[in-house]
Structures are given as structure tokens and as C-alpha cells.
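To start, the structure under review is shown below, and the notes come after it.
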Amino acid sequence: MDHWAYCKYVFRHKWFVFLECCRLGIPWLGIIHDMSKFYPSEWFPYMRHFFNRDGSDKPKTRDKTGYYKPTDTGDAAFDDAWFLHQKRNRHHWQWWILPEDTVGARALPMPEKYLREMLADWRGAGRAQGTPSTLAWYQVNGQKLQLHPRNREWIERKLMKVERWTIWQYWIVWFVWRLWVRFRYWRTGECGLACGYTEPYGFVPEGECPIHDVYLKENDNR
Numbered sequence: 001m002d003h004w005a006y007c008k009y010v011f012r013h014k015w016f017v018f019l020e021c022c023r024l025g026i027p028w029l030g031i032i033h034d035m036s037k038f039y040p041s042e043w044f045p046y047m048r049h050f051f052n053r054d055g056s057d058k059p060k061t062r063d064k065t066g067y068y069k070p071t072d073t074g075d076a077a078f079d080d081a082w083f084l085h086q087k088r089n090r091h092h093w094q095w096w097i098l099p100e101d102t103v104g105a106r107a108l109p110m111p112e113k114y115l116r117e118m119l120a121d122w123r124g125a126g127r128a129q130g131t132p133s134t135l136a137w138y139q140v141n142g143q144k145l146q147l148h149p150r151n152r153e154w155i156e157r158k159l160m161k162v163e164r165w166t167i168w169q170y171w172i173v174w175f176v177w178r179l180w181v182r183f184r185y186w187r188t189g190e191c192g193l194a195c196g197y198t199e200p201y202g203f204v205p206e207g208e209c210p211i212h213d214v215y216l217k218e219n220d221n222r
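Here the working numbering is used: the first residue of the sequence shown is 1, the next is one more, and so on.
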């Protein structure tokens with residue numbers, strides 16, 4: 001059961017990341033995203049870290065934004081698997097950290113295709129975990145990430161653009177739906193919501209169907 005539960009989560013995560021990659025123009029990277037999670041060296045430690053044998057979730061260590069510190073889990077096997085995962089996948093900012101010979105580390109610039117995949121990964125992970133606002137997550141946790149200044153500027157600009165576009169998408173869907181409802185009523189007299197009324201251009205009792213009531217009032221002179 002634990003294998004099945006983890007498998008469902010991985011594919012759920014990959015599906016949402018794939019959708020975001022398509023929006024960002026990198027569908028192939030969405031298809032091959034996180035394939036290393038199927039390697040035994042990652043699969044077993046991840047599965048045992050996140051799920052019990054009966055398939056139930058283990059207690060979460062994430063905060064309300066979905067953030068958790070992978071190196072603070074106390075699970076040595078998971079720490080090793082997480083290290084392997086981030087060094088096998090270039091969309092993780094940790095792949096681009098260069099340790100200095102003395103003290104500290106330097107963040108290298110990431111190619112744009114991996115920046116796009118990283119953003120898609122954040123958004124897809126948020127949707128899979130029920131915390132879909134990547135902007136809210138970044139506002140709380142963004143300064144914890146060691147990003148090259150050029151990468152940070154790109155991410156913040158793109159993140160804001162994506163969030164605004166999402167709002168526009170909802171508005172466009174609502175507007176098209178309203179046009180469709182209006183057109184359907186004009187053609188058939190039905191409200192478009194399967195309310196049960198099929199009286200083209202006829203009388204509909206007031207209060208029975210709000211859509212009909214609105215359209216009858218708007219078109220009472222037709």
C-alpha cells in the first residue's frame with residue numbers, strides 16, 4: 001500500500017508539473033520531469049519518509065505555505081536521496097550552487113529552460129499538495145533560496161506574470177460562459193444550466209429560474 005500511495009502522489013505531482021510546463025512552453029521537460037524519483041535510490045527512501053506501510057501519510061513537517069527544510073528531517077536515508085535527487089535534476093537551484101574552497105558557496109546562473117521547469121515544479125507541487133499559490137509561498141520563503149541575482153529577477157518577474165495571467169484566465173472563462181448562456185437562451189429559451197425549463201420565448205414563473213428571470217427582464221421588449 002505504501003508503494004501505491006507514493007506512486008499516486010508522484011504521478012499527481014508530475015501531471016500538474018506537466019500542465020505548468022506546457023503553459024511555459026517546455027512540454028518535453030514536463031514529460032521527463034523528476035524521472036529520477038523512480039530510481040530505487042530515491043524511490044524507497046522517499047516512500048518510507050512520506051508514507052506508512054498502510055499507505056497513510058506520515059505527519060507533515062511542512063508549514064502552511066507548503067515549505068519544509070529537507071535537510072532538517074532527521075532521516076539520514078531521505079537526506080541522501082534528496083541530495084541525489086537535486087544533483088540529478090538541473091531544475092533544482094541546488095544543482096547550480098558551487099562551493100567555494102574557503103567559506104561559503106556561489107550561485108551560478110541557470111539556463112532559462114531550467115528556470116521555467118523550476119517554476120513549473122513549484123507551481124505543480126503546490127497544486128498537488130493543496131497549496132496552489134506559488135506567489136504566497138515565494139513571498140514567505142523566497143529569501144531562503146540561494147539564487148543568482150539574474151535568476152531571482154527572472155523568477156520574480158515571471159512569477160508575477162503567471163499569477164496575473166491566471167486571474168485573467170478565470171475572467172475570460174467567466175465572460176465566455178456568460179456569452180454562451182445568453183446565446184443559448186436566445187436560441188432555445190433554456191438557461192444553459194439544465195434547470196429543467198424548455199419554453200422557448202414563453203412565460204417562466206418569476207423566481208423559478210434566476211437565469212430566465214434576468215434574461216426575461218433584459219429582453220422583455222423583444
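We put the CB at the ideal spot given by N, CA and C, even for glycine.
As the structure is a prediction and not an experimental result, all values here were calculated from the model.
Tell me where the alpha helix (DSSP H) around residue i begins and ends.
i: Arg90; result: Run containing Arg90: none; DSSP gives neither H nor E here.
i: Pro27; result: Pro27 to Ile32
i: Pro99; result: First-last for Pro99: Ile97 to Pro99, but that is the beta strand (DSSP E), not the alpha helix (DSSP H).
i: Arg106; result: Counting along the chain, Arg106 falls outside any alpha helix (DSSP H), though it belongs to the beta strand (DSSP E) covering Ala105 to Ala107.
i: Lys113; result: Glu112 to Gln129
i: Lys58; result: From DSSP, Lys58 is part of no alpha helix (DSSP H); its letter is neither H nor E.
i: Lys37; result: No alpha helix (DSSP H) holds Lys37; DSSP gives it neither H nor E.
i: Phe18; result: Asp2 to Arg23
i: Gln139; result: Thr134 to Asn141
Let's test the definition: count the other Cβ atoms within 10 Å of the Cβ of residue i and tell me whether it reaches 16, buried, or not, exposed.
i: Tyr34; result: With the sequence shown as reference, residue 34 is identified as Asp, and Tyr is not the correct amino acid for it. Classification for Asp34: buried.
i: Phe16; result: buried
i: Thr134; result: buried
i: Trp82; result: buried
With distances taken Cα to Cα, identify the nearest neighbour of residue i among the options.
i: Phe50; options: Asp121, Trp43 and Lys58; result: Lys58
i: Asp79; options: Ile97, Asn52, Arg48 and Gly55; result: Arg48
i: Asp54; options: Glu100, Ala105 and Tyr6; result: Tyr6
i: Gln94; options: His148, Gly124, Val140 and Ala125; result: His148
i: Gly25; options: Leu115, Trp177 and Val176; result: Leu115
i: Pro109; options: Ile97, Thr102, Asp101 and Val103; result: Ile97
i: Arg123; options: Trp171, Ala107 and Met160; result: Met160
i: Ala77; options: Gly104, Ala107 and Pro45; result: Pro45
With a cut-off of 7 Å, does the C-beta of residue i fall near any C-beta of chain D?
i: Cys21; result: Of the protein chains in the structure, only one exists, and it is not chain D.
Under 8 Å: do the region 128-135 and the region 79-96 share three or more Cβ pairs, one atom per stretch? Between the region 128-135 and the region 79-96 there are fewer than three C-beta pairs closer than 8 Å, too few to call the two in contact.
Assess contact between the region 150-164 and the region 104-123, defined as three or more Cβ pairs (one per stretch) separated by less than 8 Å. Is contact present? yes
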